[in-house]
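*Asks:* Can you read through this structure? Questions will come right after.
Residue numbers (the working numbering): 48 to 493.
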């Protein structure tokens with residue numbers, strides 16, 4: 048199957064060829080013909096499946112046929128994204144695919160001055176990519192009109208829900224013309240998203256790629272049991288492996304992301320942190336450094352990382368396990384994008400055992416345990432490990448934030464019960480050497 052056999056127009060084919068995009072991904076193979084035929088679409092797909100091109104190529108082709116310029120303050124197509132980074136990347140991708148088409152597009156997002164955005168919309172655009180909050184503000188200021196939208200796309204709808212944007216999305220949907228083509232993409236389908244699809248889509252084609260709970264088969268997954276105070280040391284040791292050349296490290300908190308990035312920088316590893324407390328310019332700078340290879344490591348929170356479109360990620364490191372197992376699937380999928388292969392490494396301390404249990408339940412497998420040879424904890428480190436756990440137990444009734452129970456313990460066994468199948472075995476009284484896994488070369492594709 049090629050893009051040409053899918054019915055993609057010649058100017059777009061030229062743009063794809065210039066980017067070495069030759070073979071459509073599964074979601075592109077199914078979505079492009081359906082959208083070119085005018086159907087609404089529900090796409091259940093994770094980041095890295097090629098969904099931007101899946102909706103972007105038909106959109107560009109539709110707008111270029113018999114092109115009629117938009118009116119002042121109007122947009123002919125509207126794409127909603129949950130984060131500023133994703134909105135920017137969608138627009139960049141559409142500009143790439145549509146480089147040989149004479150279409151106007153712009154992006155509207157929060158965190159930056161709105162005057163430039165108002166100016167860009169004054170003469171109208173063919174494609175508007177926006178985050179919901181800022182777009183709603185400009186609509187209410189009468190700087191943007193939605194009465195001419197004939198194509199409407201919601202990307203990463205489940206993340207919209209997580210971030211509290213669904214109410215804004217519904218307000219915007221109510222302002223759109225009833226006669227339009229609509230698409231919604233989501234990695235998961237919680238009840239609120241199911242309701243939104245019923246209200247927004249008409250007899251949609253349903254396309255599901257990598258079903259919920261199924262981990263990318265090409266990801267080699269490894270697990271280290273390590274006390275929290277030793278996680279930074281373990282990360283530094285692992286990064287001595289030169290095959291870890293483009294790494295995303297995930298933390299649960301913004302503060303944690305900063306601390307990990309600062310630690311790596313002190314050890315000589317070029318690392319950047321990206322999270323919601325950073326300005327738009329700082330986040331874009333960090334992302335650009337990572338994309339261009341100037342930064343070897345990007346430390347990110349889940350929300351900030353959603354929509355980051357970077358190929359050839361050699362490793363994903365879960366410095367802290369997510370408290371929602373679906374986030375684990377999203378995280379590790381970044382290192383096996385579009386036909387490539389990759390490695391996901393997870394650190395788990397004694398307070399995260401419940402999270403691990405939930406993750407292994409949803410991926411339906413036990414993650415391979417790897418032993419490490421870090422020195423024993425000092426008494427001070429033991430106290431540092433226990434304090435956050437006591438505070439955590441006080442705030443949450445002794446349980447993590449998900450449904451699992453908080454595991455007691457600490458010390459040498461890191462809270463592991465006797466006979467635990469994950470417990471690392473000692474041989475002849477010594478710990479095994481570092482296990483770095485079989486790092487594999489990866490290939491990039493559309």
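Where is the CB? At the ideal position from N, CA and C, for every residue including glycine.
1) Between 312, 313 and 351, which lies nearest to residue 322 when the distance is taken from Cα to Cα?
2) Can you list, in chain order, the residues of its chain whose CB lies under 7 Å from that of residue 162, leaving out five sequence neighbours each side?
3) Which ranges does the beta strand (DSSP E) cover as unbroken runs of at least 3 residues, wholly within the stretch 326 to 388, from first to last along the chain?
4) Note down the Cα distance separating residue 62 from residue 143, rounded to an integer number of angstroms.
5) Return yes when the Cβ of residue 293 is within less than 8 Å of the Cβ of residue 343, no when it is not.
6) In the DSSP assignment, what are the bridge partners of residue 198?
7) Count the other C-beta atoms from every protein chain shown that fall within 10 angstroms of the C-beta of residue 291, then say buried if there are 16 or more, exposed otherwise.
8) I believe residue 382 touches residue 361 by the beta-carbon criterion, under 8 Å. Please report the beta-carbon distance rounded to the nearest angstrom.
9) When DSSP labels each residue in this structure, what does residue 188 get in the three-state scheme?
10) Mind checking who residue 252 pairs with in its DSSP beta bridge?
11) If you check the beta carbons only, do residue 155 and residue 182 fall under 8 Å apart?
12) Any idea what DSSP makes of residue 268, helix, strand or coil?
13) Report all residues from its chain with a CB closer than 8 Å to the CB of residue 442; omit the five preceding and five following residues, and keep chain order.
14) Would you report the Cα separation of residue 224 and residue 201, rounded to the nearest angstrom?
15) In whole angstroms, give me the CA-to-CA distance for residue 64 and residue 109.
16) Tell me the residue span of the beta strand (DSSP E) that contains residue 143.
17) Start and end of the alpha helix (DSSP H) containing residue 238?
18) Taking 8 Å as the cut-off, decide whether the C-beta atoms of residue 270 and residue 417 are in contact.
19) Hey, quick one: how far does the alpha helix (DSSP H) through residue 407 stretch, first residue to last?
20) Would the beta-carbon of residue 80 be found less than 7 Å away from any heavy atom of the ligand GDP?
21) Closest to residue 338 by CA distance: which of 325, 349, 318 and 326 is it?
22) Using DSSP with H/G/I as helix, E/B as strand and the rest coil, what is residue 454?
23) List the endpoints of the continuous beta strand (DSSP E) containing residue 52.
24) Is residue 314 helix, strand or coil when you go by DSSP?
25) Straight-line CA distance for residue 377 to residue 349?
26) Do residue 233 and residue 91 come within 8 Å of each other at the CB atom, strictly closer than that value?
27) Quick check on residue 297: does DSSP put it in helix, strand or coil?
28) Please name the residue, chosen from 138, 157 and 67, that lies closest to residue 150 on a Cα-to-Cα basis.
29) DSSP on residue 288, reduced to helix/strand/coil?
30) Does DSSP put residue 465 in a helix, a strand or coil?
31) Determine the contact status of residue 280 and residue 141, defining contact as a CB-CB distance below 8 Å.
32) Tell me whether the beta-carbon of residue 282 lies closer than 8 Å to the beta-carbon of residue 193.
33) Of the residues 393, 112 and 238, which one's Cα is nearest the Cα of residue 285?
34) List the endpoints of the continuous beta strand (DSSP E) containing residue 152.
35) Measuring alpha carbon to alpha carbon, tell me which of 179, 249, 169 and 174 ends up nearest residue 190.
36) In terms of DSSP beta bridges, what is residue 390 paired with?
*Replies:* According to the structure shown:
1) On the chain shown, position 275 is the one that residue 322 refers to. Comparing Cα positions, the closest option is 351.
2) The residue you call residue 162 lines up with position 115 of the chain shown. There are no such residues.
3) Every beta strand (DSSP E) stretch that sits fully inside the stretch 326 to 388 and reaches 3 residues is listed by chain position as 344 to 347 and 362 to 365.
4) If you number the chain shown from 1, residue 62 lands on position 15. If you number the chain shown from 1, residue 143 lands on position 96. Looking at the two C-alpha atoms, the distance is approximately 7 Å.
5) Within the chain shown, the letter at position 296 stands for residue 343. Within the chain shown, the letter at position 246 stands for residue 293. Taking 8 Å as the Cβ cut-off, residue 343 and residue 293 qualify as a contacting pair.
6) Locating residue 198 in the chain shown gives position 151, where the first residue counts as 1. In DSSP, residue 198 forms a bridge with 124 and 228.
7) If you number the chain shown from 1, residue 291 lands on position 244. Burial call: buried.
8) Taking the chain shown and counting its residues from 1, one reaches residue 382 at position 335. Taking the chain shown and counting its residues from 1, one reaches residue 361 at position 314. Confirmed, about 7 Å.
9) In the chain shown, counting from the first residue as 1, residue 188 sits at position 141. Here residue 188 sits in coil by DSSP.
10) Taking the first residue of the chain shown as 1, we reach residue 252 at position 205. Per DSSP, the beta-bridge partners of residue 252 are 88.
11) Stepping through the chain shown from its first residue, residue 155 is reached at position 108. Stepping through the chain shown from its first residue, residue 182 is reached at position 135. Residue 182 sits close to residue 155, with the two beta carbons spaced by under 8 Å.
12) Residue 268 sits at position 221 when you count from the first residue of the chain shown. Reduced to three states, the DSSP call for residue 268 is strand.
13) Position 395 of the chain shown holds residue 442. For residue 442, the pLDDT reaches just 36, beneath the cut-off of 50, and the residue's location in the model is therefore unreliable, although a value from the coordinates is still provided. Here the set comprises nothing.
14) Along the chain shown, one-based indexing puts residue 224 at 177. Along the chain shown, one-based indexing puts residue 201 at 154. Between residue 224 and residue 201, the C-alpha separation is close to 16 Å.
15) Stepping through the chain shown from its first residue, residue 64 is reached at position 17. Stepping through the chain shown from its first residue, residue 109 is reached at position 62. Straight across, the Cα-Cα distance linking residue 64 with residue 109 is about 20 Å.
16) The residue labelled residue 143 in the question sits at position 96 within the chain shown. Per DSSP, residue 143 belongs to no beta strand (DSSP E); it is in the alpha helix (DSSP H), 131 to 144.
17) Walking along the chain shown from the start, residue 238 turns up at place 191. Counted as a single uninterrupted DSSP element, the alpha helix (DSSP H) harbouring residue 238 occupies residues 238 to 247.
18) Taking the chain shown and counting its residues from 1, the one referred to as residue 270 is at position 223. Taking the chain shown and counting its residues from 1, the one referred to as residue 417 is at position 370. Yes, Cβ-Cβ distance for residue 270 and residue 417 is below 8 Å.
19) Translated into positions along the chain shown, residue 407 becomes position 360. 400 to 410 is the extent of the alpha helix (DSSP H) around residue 407.
20) Annotation note on the ligand GDP: not contained in the displayed structure, which lists no ligands.
21) For the purposes of this step, residue 338 is taken as residue 291 along the chain shown, with counting starting at 1. Of all alpha-carbon atoms in 325, 349, 318 and 326, the one lying nearest the alpha-carbon of residue 338 is that of 318.
22) As a first step, residue 454 is located in the chain shown; it is residue number 407 there, counting from the start. Residue confidence for residue 454 is low, a pLDDT of 35 falling below 50, so the modelled location carries little weight and cannot support an answer.
23) Position 5 of the chain shown, counted from the start, is the residue given in the question as residue 52. It is not in any beta strand (DSSP E) - residue 52 carries neither H nor E in the DSSP assignment.
24) Start at 1 with the first residue of the chain shown, and residue 314 comes out as number 267. Taken through DSSP and simplified to helix, strand or coil, residue 314 comes out as coil.
25) Within the chain shown, residue 377 is the residue found at index 330, counting from 1. Within the chain shown, residue 349 is the residue found at index 302, counting from 1. Looking at the two C-alpha atoms, the distance is approximately 9 Å.
26) In the chain shown, the residue the question calls residue 91 occupies position 44. In the chain shown, the residue the question calls residue 233 occupies position 186. Result yes, Cβ atoms of residue 91 and residue 233 sit closer than 8 Å.
27) In the chain shown, counting from the first residue as 1, residue 297 sits at position 250. Three-state DSSP puts residue 297 in a strand.
28) Within the chain shown, residue 150 is the residue found at index 103, counting from 1. The shortest Cα separation from residue 150 among 138, 157 and 67 belongs to 138.
29) The sequence position of residue 288 within the chain shown is 241, counting from 1. In the three-state scheme derived from DSSP, where H, G and I count as helix and E and B as strand, residue 288 is classed as coil.
30) Here residue 465 refers to the residue found at position 418 when the chain shown is read from its first residue. Note that residue 465 scores 31 on pLDDT, short of 50, meaning its location in the model is unreliable and no value can be drawn from it.
31) For this step, residue 280 is matched to residue 233 along the chain shown. For this step, residue 141 is matched to residue 94 along the chain shown. Taking 8 Å as the cut-off, the beta carbon of residue 280 is found no closer than this to the beta carbon of residue 141.
32) Here residue 282 corresponds to residue number 235 of the chain shown, with the count starting at 1. Here residue 193 corresponds to residue number 146 of the chain shown, with the count starting at 1. Their beta carbons are not under 8 Å apart, which means residue 282 does not touch residue 193 by this criterion.
33) Walking along the chain shown from the start, residue 285 turns up at place 238. Cα-wise, what sits closest to residue 285 is 393.
34) The sequence position of residue 152 within the chain shown is 105, counting from 1. Where residue 152 is concerned, the enclosing beta strand (DSSP E) stretches over 152 to 155.
35) Locating residue 190 in the chain shown gives position 143, where the first residue counts as 1. Answer by Cα proximity: 169.
36) Locating residue 390 in the chain shown gives position 343, where the first residue counts as 1. In DSSP, residue 390 forms a bridge with 267 and 362.
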